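Residues 24 to 516 in this note's numbering are what the sequence shown spells out, letter by letter. Have a look at the structure below, then the notes.
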Amino acid sequence: MKIECTTTSPATLEADWLVVGAWEGVGGKNSNDALGKLLNPRIAKLRESGDFEGKANELLPIYESAGTGARRILFVGLGKVENCTPMTLSKATGAALRSIARKKFETVAFTLLGDGSKLTPAERTTAVMTGLLVAEGSQDIYRAKKNRKPPETVLLVVSKQDAAVARGRTIGEAVRWTMDLVNHPPIDIYPESFCERVRKEAESLDLSLEVFDAKKLAEEKMGCILGVGKGSDHEPRLLIMKYQGAPGDDRTLALVGKGVTFDSGGLSIKTAEGMMTMKCDMAGAASVVATTIAAARLKLPINILCLTPLAENMPSSRSVKPGDVLTAKNGMTIEVLNTDAEGRLVLSDALAHAVDLGATHIVDVATLTGACMVALGLGTAGVMSNDEAWSKQVLDAASSAGERVWPLPMFEEYDELIRSGIADMKNIGGRWGGAITGAKLLQNFVAEKPWVHIDIAGPAFAEKESPHQDAGGTGFIVRTLIELVSQWTSKKN
Ligand code: BES
Ligand code: ZN
Ligand code: ZN
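As structure tokens, this is what we get:
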């Protein structure tokens with residue numbers, strides 16, 4: 024699918040489809056240009072007759088396109104104008120493209136959705152570009168006969184938005200890369216192959232890459248990553264990628280992502296059903312890598328330390344056992360009472376190492392707990408932190424990007440739930456507050472640096488498709504992280 028920008032008026036632009044957005048209700052004024060003048064009366068009529076309300080992602084194909092250069096028009100609802108975020112426009116774009124891509128077409132033209140909202144033309148351009156790239160992705164990787172048939176060419180009708188187009192492409196590709204890596208099965212993605220894929224991406228960019236193998240992990244005293252990885256024939260790794268976009272800045276942002284390439288639970292083995300989607304357990308790692316690569320491509324003025332501990336959690340005679348005590352890089356000990364609570368173990372070494380490497384601010388992203396899904400549902404990530412200002416910055420970035428995240432408390436009363444009889448802490452906290460006790464363990468490894476933990480267990484992987492994207496990996500949190508690193512200089516903390 025080629026995406027080209029054009030300033031040709033939709034009145035003459037030749038295409039199989041012309042996609043046009045419309046708000047819900049009368050509050051949203053639709054475009055007032057020539058196309059608007061032509062189509063607004065028609066949209067009003069469709070509203071009156073009840074054929075089209077303009078609800079978010081609602082679609083109505085029209086085969087009467089007189090006055091445009093297109094053969095058909097697809098109206099796409101944008102919801103209420105006051106609720107519009109970049110995500111709204113991305114989703115509407117995706118819904119339209121995916122609906123058209125059920126059949127093969129040559130050319131699809133998109134008007135710039137979102138006219139009348141509070142978003143600038145640049146923000147709208149970026150959002151539509153992102154939506155196009157994300158919707159082009161699919162779970163078709165291993166299918167001979169593809170379900171999705173993206174058009175040969177998408178024409179985006181925008182004027183002078185080169186930077187916004189490039190930004191949208193970079194964000195879209197970052198989300199896509201994350202989705203794609205999650206969708207690849209564990210036969211293809213294991214710690215070593217994950218690193219190879221990252222190496223390929225990083226090669227042409229201003230990034231330095233270092234990978235610790237098992238021997239180096241032992242030298243570095245990273246007993247927790249090694250412990251989790253012991254049961255698998257695939258050795259664990261720690262990937263460290265550095266981007267120095269602001270040499271004069273004394274701040275360094277560490278992005279740390281859980282990279283369990285498959286989570287069987289280990290000896291505390293999961294049920295057959297519980298294991299079915301556990302290729303998604305490296306979504307945090309993929310999303311922090313994708314963000315760092317995007318920052319490098321956008322040449323953002325920020326210093327990023329990206330760390331992903333990678334391990335495959337498997338049962339075997341070599342596995343870590345319930346009752347074992349592991350020693351993390353910072354010397355603290357963890358009693359492993361459930362080998363399925365492995366994410367916090369691999370992250371503990373990585374967080375401690377981020378501190379050693381000079382991180383001044385930390386964000387970690389992890390598919391950490393089923394409990395977070397119980398608390399917040401499938402579409403919302405949990406945010407836990409030791410620093411209110413830093414956490415607000417992350418929450419604000421998510422809100423600007425239009426992704427759903429919500430804070431959970433970190434009161435000190437929770438600390439006692441992970442007290443161990445034999446070690447500094449234990450890796451499970453019992454039935455209550457499971458997302459928080461996971462975060463509480465992690466807190467011991469950030470040395471009181473401003474830190475935010477984002478639990479994406481719910482939104483990282485979709486069991487069902489939605490109008491705007493396939494089931495499977497969602498790339499959730501990448502948009503938020505790119506927003507966060509983009510605002511870094513303006514919001515000094
Ligand atoms: N990877 C899982 C969490 C998860 C569950 C992610 C469902 C995505 C979807 C994690 O390693 C895990 O198994 N956590 C346990 C922790 C428990 C043993 C304390 C859980 O949530 O049950
Ligand atoms: Zn687990
Ligand atoms: Zn896991």
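Virtual Cβ for every residue (Gly too), placed ideally from N, Cα, C. Owing to the predicted nature of the structure, the values given are computational and were not obtained by experimental measurement.
Check	Outcome
So, with DSSP's three-state summary, where would you put N206?	helix
Just grab the DSSP bridge partners of M264 for me.	L232 and C329
Please list, in chain order, all residues with a C-beta atom less than 5 Å from at least one heavy atom of ligand 1.	D286, D304, N361, D363, A364, G366, T390, T392, G393, I451 and A480
Who does R121 pair with in a DSSP beta bridge?	Bridge partners of R121: none, in fact.
Beta strand (DSSP E) containing S216: first to last residue?	Unbroken run through S216 is the alpha helix (DSSP H), P214 to A225; no beta strand (DSSP E).
Near S443, what residues of its chain come up, given a Cβ to Cβ distance below 6 Å and the 5 sequence neighbours on each side ignored?	E358 and K449
Please report the distance separating the alpha-carbon of P209 from that of K302.	6 Å
Does the segment 248 to 263 come close enough to the segment 365 to 375 that 3 or more CB-CB pairs lie under 8 Å?	yes
G3 and G102: beta carbons closer than 8 Å?	There is simply no residue 3 to check, as the chain begins at 24 and stops at 516 in what is shown.
Got a sec? Which residues, its chain only, sit under 8 Å from K126 by beta carbon, not counting five neighbours each side?	K172
Can you tell me which of A424, E439, S414 and I441 puts its alpha carbon nearest to the alpha carbon of P430?	S414
Straight-line CA distance for V177 to E27?	6 Å
If you check the beta carbons only, do F217 and L323 fall under 8 Å apart?	no
When the distance is taken between beta carbons, is E296 closer than 8 Å to H257?	no
Under 7 Å from any heavy atom of ligand 3, does the C-beta of V279 make it?	no
So the beta strand (DSSP E) T153 belongs to, where does it begin and stop?	That residue, T153, is in no beta strand (DSSP E); its alpha helix (DSSP H) goes P144 to E159.
Do the CB positions of M433 and M407 come within less than 8 Å of each other?	yes
Ignore the nearest five residues each way along the sequence and tell me which others in E335's own chain have a CB closer than 6 Å to its CB.	Y213, S255, H257, T284 and F285
With contact counted as at least three CB pairs below 8 Å, one residue from each stretch, are the segment 305 to 314 and the segment 493 to 512 in contact?	yes
Select from T193, T503 and I263 the residue whose C-alpha is nearest the C-alpha of V428.	T503
Quick check: does the Cβ of V283 come within less than 7 Å of any heavy atom belonging to ligand 3?	yes
Quick one: complete beta strand (DSSP E) runs, 3+ long, within the segment 44 to 105?	82 to 85 and 93 to 100
For the alpha helix (DSSP H) holding S310, just list the boundary residues, first then last.	A306 to R320
Which of the three DSSP states, helix, strand or coil, is assigned to H257?	coil
Taking just the CA atoms, how far does L328 sit from F235?	15 Å
How long is the line joining the alpha carbons of L465 and I445, rounded to whole angstroms?	18 Å
With distances taken Cα to Cα, identify the nearest neighbour of A373 among E243, S423, S227 and N326.	E243
Can you tell me the Cβ-Cβ gap for A158 and L120, rounded? I've got them flagged as a contact below 8 Å.	4 Å
Please list, in chain order, all residues of the same chain as L330 whose beta carbon is under 6 Å from its beta carbon, the five residues on each side excluded.	I263, V279, A373 and A377
Tell me the rounded alpha-carbon separation between I123 and A115.	12 Å
Please identify the residue among L440, A186 and N326 whose C-alpha is closest to the C-alpha of K463.	L440
Write down every uninterrupted run of the alpha helix (DSSP H) in the segment 349 to 403 whose length is 4 residues or greater and which is fully enclosed by it, in chain order.	366 to 379 and 393 to 399
Do V42 and V131 come within 8 Å of each other at the CB atom, strictly closer than that value?	yes
Excluding the five sequence neighbours on either side, which residues of its own chain have a C-beta within less than 7 Å of the C-beta of Y86, listed in chain order?	R95
Can you find a C-beta in chain C that's less than 8 Å from the C-beta of A319?	The structure shown has no chain C; it contains just one protein chain.
Taking only three categories from DSSP, how would you classify W200?	helix
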